[in-house]
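A.B. asks:
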Amino acid sequence: MKNNLSKILNIFIAVIAVIGAFLFVNIFMTDEGDTAALSGSVGSIVTFSTILLYFAVGATLLLSLFSLFTNPENLKKTLLGVAALGVVLVFAYFLADSNAVLDTQGKVLVGGEAGASSNQWVGTGIWYSVCLGLVASLFFVYDLVKGLIKS
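Here my numbering runs 286 ahead of the position in the sequence shown, where the first position is 1.
#1: Using 8 Å as the threshold, is the C-beta distance between residue 383 and residue 419 below it?
#2: Taking only the alpha-carbon atoms, compute the straight-line gap between residue 313 and residue 340 and give it to the nearest angstrom.
#3: Which of the three DSSP states, helix, strand or coil, is assigned to residue 332?
#4: Measure how close the beta-carbons of residue 394 and residue 387 come, nearest whole angstrom, since I'm counting them as under 8 Å.
#5: Return the first residue and the last residue of the alpha helix (DSSP H) that residue 432 is part of.
#6: Residue 356 to residue 404, Cα distance in whole Å?
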């Protein structure tokens with residue numbers, strides 16, 4: 287079964303590579319003066335790449351979820367990690383403000399009025415990054431001290 291799956295995946299990869307190579311060569315065979323044809327050939331490889339990206343993301347998500355649900359111990363650890371990130375997000379949300387966003391002349395930017403929810407969420411993202419950076423730094427120092435003590 288595993289050998290057959292490997293053969294199928296190799297054939298699938300070869301088909302994707304041939305299609306990609308054909309689309310790539312098609313760009314070079316298109317006349318540079320014909321902008322419509324050049325746009326069409328570039329657009330086709332961009333569309334193909336986008337489809338491959340969506341397929342890769344979808345396969346990754348599905349396989350990750352399948353792995354989580356087949357291993358309850360990992361599911362519990364993942365849910366605890368997501369809950370901890372949620373707590374940090376709530377903490378960061380309360381640290382953030384929704385003050386007006388000013389430009390260099392002191393004028394309020396369009397969409398940056400005081401009380402705008404986008405201001406609150408941008409501030410939340412900044413504080414979230416700072417909080418996670420602090421937590422990571424603490425774990426780094428802890429690991430460093432732990433390694434020095436063992437030596």
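The beta carbon of each residue, even a glycine, is placed where N, CA and C say it ideally should be.
If you're wondering where the values come from, they're calculated on a predicted model, not measured in any experiment.
C.D. replies: The structure says:
#1: no
#2: Residue 313 and residue 340 have their alpha carbons spaced roughly 23 Å apart.
#3: helix
#4: 7 Å
#5: Element bounds for residue 432: 403 to 436.
#6: 39 Å
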